[in-house]
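This report concerns only the one structure given below.
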Amino acid sequence: MKPTRRPPLPAEFRETSNLMGLYYIVHGLVLWLGSGWLAYAIYQHAAWPLWLRVVAMALPVISSGFGMFYMGSLGHEGFHRNMNRHQDVSMVMGMLASLGAPLFLSVGVNIYHWRHHLHTNTPQDPDLQLYRGNRNLLAKMRVSLDTNLYCVRNVVRLILARDKLDRTFPLSAARMRFYACLNVVMVAAATTGYVALALAAPTLFVFLVLAPAIVAQLYWALHPYIEHGDTADVEGNNARNCTSPVLRFMLMGYTYHLCHHLYPSVQTHRLPALYRHLKAVGYVRDEDTTETSLFGAIRIGATQVLRS
Numbered sequence: 192m193k194p195t196r197r198p199p200l201p202a203e204f205r206e207t208s209n210l211m212g213l214y215y216i217v218h219g220l221v222l223w224l225g226s227g228w229l230a231y232a233i234y235q236h237a238a239w240p241l242w243l244r245v246v247a248m249a250l251p252v253i254s255s256g257f258g259m260f261y262m263g264s265l266g267h268e269g270f271h272r273n274m275n276r277h278q279d280v281s282m283v284m285g286m287l288a289s290l291g292a293p294l295f296l297s298v299g300v301n302i303y304h305w306r307h308h309l310h311t312n313t314p315q316d317p318d319l320q321l322y323r324g325n326r327n328l329l330a331k332m333r334v335s336l337d338t339n340l341y342c343v344r345n346v347v348r349l350i351l352a353r354d355k356l357d358r359t360f361p362l363s364a365a366r367m368r369f370y371a372c373l374n375v376v377m378v379a380a381a382t383t384g385y386v387a388l389a390l391a392a393p394t395l396f397v398f399l400v401l402a403p404a405i406v407a408q409l410y411w412a413l414h415p416y417i418e419h420g421d422t423a424d425v426e427g428n429n430a431r432n433c434t435s436p437v438l439r440f441m442l443m444g445y446t447y448h449l450c451h452h453l454y455p456s457v458q459t460h461r462l463p464a465l466y467r468h469l470k471a472v473g474y475v476r477d478e479d480t481t482e483t484s485l486f487g488a489i490r491i492g493a494t495q496v497l498r499s
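Position 104 of the sequence shown, counting from 1, maps to 295 under our numbering, and the rest follow consecutively.
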């Protein structure tokens with residue numbers, strides 16, 4: 192029988208590695224920009240026929256898109272102090288990394304993310320409130336756009352002091368207001384850089400920004416449903432672990448989402464080992480909350496998106 196109470200966290204999972212926080216950024220940059228540059232180099236190889244270049248570019252473009260998605264996700268890790276043991280350093284590292292996702296104000300997610308953890312899959316869950324009204328395919332496919340607009344709204348309301356943070360929120364309103372202002376400045380600077388690249392080298396912009404952004408947006412449209420679709424609203428069954436080796440490599444354990452909900456302070460590269468521990472003590476059962484393949488995860492997300 193599955194234990195009803197969350198097991199205590201073993202000591203080996205409690206320490207935050209500052210070095211791994213830096214590695215997350217390096218990993219994301221290599222996956223995003225390295226793969227994008229490879230796709231660009233293949234396209235520039237005029238000796239190959241176009242059809243062959245298109246086929247050869249497919250995998251690097253997809254990898255680059257997942258790299259961009261991963262860079263955006265590091266804003267979330269920064270909020271959870273998983274980038275550095277010092278909260279302020281972790282937040283700034285997360286915001287800097289998330290600039291890899293164009294126009295994304297990561298602090299806008301952080302503001303209400305705490306409530307998502309407290310009220311997962313319930314009417315008080317802000318993520319559920321954001322996505323549950325999406326009844327048709329077009330609405331579900333614009334999840335990323337809705338999220339970006341939601342982030343802008345949250346940041347503006349925080350800066351203008353129109354919203355109050357939950358009393359249990361781990362950071363003060365003044366600190367979050369500072370982070371929100373800093374995030375706006377950062378995103379404005381990054382956007383200027385993206386525009387400059389588009390004007391100076393439009394083909395390179397396509398492969399480093401536009402093409403990976405399309406892939407990232409498509410996966411972003413699926414991932415809320417992959418993480419929480421058809422899961423319960425009780426601890427231990429309110430999210431899904433996706434243990435695909437491909438996703439584990441590209442996203443550094445980020446898709447072990449149930450483990451993250453149980454222990455948000457554990458860095459993502461340790462979540463696969465934590466998952467194995469939770470299985471060993473009988474708390475996690477694969478048939479309930481685990482998807483083991485990349486295509487299985489995509490199928491779950493696509494099924495939810497296509498469901499009317």
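Where is the CB? At the ideal position from N, CA and C, for every residue including glycine.
Source: prediction; values computed, not measured.
Bridge partners - N482, DSSP secondary structure assignment
The sequence position of residue 482 within the sequence shown is 291, counting from 1. Residue 482 is actually Glu in this sequence, not Asn. Answer by DSSP bridge pairing, in chain order: C433.
Near G219, which residues of its chain fall below 6 Å by C-beta distance, leaving aside the five closest residues on each side in sequence?
As a working note, residue 219 is residue 28 in the sequence shown. Hits under 6 Å: G258, Y261, M262.
Continuous alpha helix (DSSP H) assignments of at least 4 residues falling wholly in the stretch 410 to 473
Unbroken alpha helix (DSSP H) runs of no fewer than 4 residues, entirely contained in the stretch 410 to 473, are found at 436 to 442, 448 to 453, 462 to 471, following chain order.
Round the Cβ separation of L465 and F204 to the nearest angstrom and send it over; I've been treating them as touching at under 8 Å.
Taking the first residue of the sequence shown as 1, we reach residue 465 at position 274. Taking the first residue of the sequence shown as 1, we reach residue 204 at position 13. Between F204 and L465 the Cβ distance is about 6 Å, and since that is below 8 Å, they are a contact.
Does DSSP put L319 in a helix, in a strand, or in coil?
Along the sequence shown, read from residue 1 onward, the residue named residue 319 stands at position 128. In the structure shown, the three-state DSSP call for L319 is helix.
Tell me which same chain residues have a C-beta within less than 7 Å of the C-beta of R272, skipping the five on either side of it?
Taking the sequence shown and counting its residues from 1, one reaches residue 272 at position 81. Annotation for R272: T207, Q278, S281, S456 place their beta carbon closer than 7 Å to its own, counting only its chain and skipping 5 residues before and after.
How long is the line joining the alpha carbons of L319 and T313, rounded to whole angstroms?
What you label residue 319 is simply residue 128 of the sequence shown in a count that begins at 1. What you label residue 313 is simply residue 122 of the sequence shown in a count that begins at 1. So the alpha carbons of these two residues sit roughly 7 Å apart.
Burial state of F398, where buried means 16 or more other Cβ atoms lie within 10 Å
Translated into the one-based positions of the sequence shown, residue 398 becomes position 207. F398 comes out buried.
Could you have a look at G152 and say whether DSSP puts it in helix, strand or coil?
One cannot answer for residue 152 here, as it falls past the ends of the chain, which runs 192 to 499.
Please identify the residue among N428, Y370, Q495, Q458 whose C-alpha is closest to the C-alpha of T481.
Here the question's residue 481 lines up with position 290 in the sequence shown. The shortest CA-to-CA distance from T481 to any of N428, Y370, Q495, Q458 is the one to N428.
So the alpha helix (DSSP H) R353 belongs to, where does it begin and stop?
Numbered from 1 along the sequence shown, position 162 holds the residue referred to as residue 353. First-last for R353: undefined, no H or E at that position.
Relative to the C-alpha of R467, which residue among T494, L438, T434 is closest?
In the sequence shown, the residue the question calls residue 467 occupies position 276. For R467, the closest alpha carbon among the candidates T494, L438, T434 is that of T434.
Counting C-beta neighbours from all protein chains within 10 Å, is the total for R439 16 or more, i.e. buried, or is it exposed?
By 1-based counting over the sequence shown, the position of residue 439 is 248. By the Cβ-count criterion, R439 is buried, with 16 or more other Cβ atoms from all chains shown falling within 10 Å of its own Cβ.
Check whether the Cβ atoms of M443 and S254 lie closer than 8 Å to each other.
One-based indexing of the sequence shown puts residue 443 at position 252. One-based indexing of the sequence shown puts residue 254 at position 63. Pairing M443 with S254 gives a Cβ-Cβ distance that is not under 8 Å.
Chain-order list of residues whose beta-carbon lies under 7 Å from that of H310 (same chain, five-residue window excluded):
As a working mapping, residue 310 is identified with position 119 in the sequence shown. Cβ neighbours of H310 beyond the five flanking positions: D316.
Looking at L296: is its Cβ nearer than 8 Å to the Cβ of V406?
Locating residue 296 in the sequence shown gives position 105, counting from the first residue. Locating residue 406 in the sequence shown gives position 215, counting from the first residue. Cβ atoms of L296 and V406: not closer than 8 Å.
Quick one: Cα of A423 to Cα of A430, how far?
In the sequence shown, residue 423 corresponds to position 232, counting from 1. In the sequence shown, residue 430 corresponds to position 239, counting from 1. Approximately 8 Å, taken between the alpha carbons.
First through last residue of the alpha helix (DSSP H) which encompasses W305
Stepping through the sequence shown from its first residue, residue 305 is reached at position 114. For W305, the uninterrupted alpha helix (DSSP H) segment begins and ends at 297 to 309.
Between the alpha carbons of M192 and A371, how many angstroms are there, rounded?
If you number the sequence shown from 1, residue 192 lands on position 1. If you number the sequence shown from 1, residue 371 lands on position 180. Unreliable positioning characterises M192 in this predicted model, as indicated by a pLDDT of 46, which lies under 50. The coordinate reading is nonetheless provided below. Spanning the two alpha carbons is a distance of roughly 45 Å.
Who are the near neighbours of R349 in its chain, counting only those whose CB is closer than 7 Å to its CB and skipping five residues on each side?
Taking the first residue of the sequence shown as 1, we reach residue 349 at position 158. One detail in the question is off: residue 349 reads as Leu in this sequence, not Arg. The residues are I302, M367, R368, A371.
Among L356, H236, N432, which one has its Cα closest to the Cα of H414?
Here the question's residue 414 lines up with position 223 in the sequence shown. When each option's Cα is compared against that of H414, the closest is N432.
Assign W228 to one of three DSSP states: helix, strand, or coil.
On the sequence shown, position 37 is the one that residue 228 refers to. In the structure shown, W228 sits in a helix (DSSP, three-state: H, G or I).
Are T382 and L294 touching if we call contact CB-CB under 8 Å?
Along the sequence shown, read from residue 1 onward, the residue named residue 382 stands at position 191. Along the sequence shown, read from residue 1 onward, the residue named residue 294 stands at position 103. Result yes, Cβ atoms of T382 and L294 sit closer than 8 Å.
Verify whether the separation of the beta carbon atoms of L453 and R197 is less than 8 Å.
Your numbering for residue 453 matches position 262 in the sequence shown. Your numbering for residue 197 matches position 6 in the sequence shown. In this structure, R197 lies closer than 8 Å to L453 by Cβ.
What whole-angstrom Cβ distance do W305 and T338 have, given they're in contact under 8 Å?
Reading the sequence shown from its first residue, position 114 is the one you call residue 305. Reading the sequence shown from its first residue, position 147 is the one you call residue 338. About 17 Å; that fails the 8 Å criterion.
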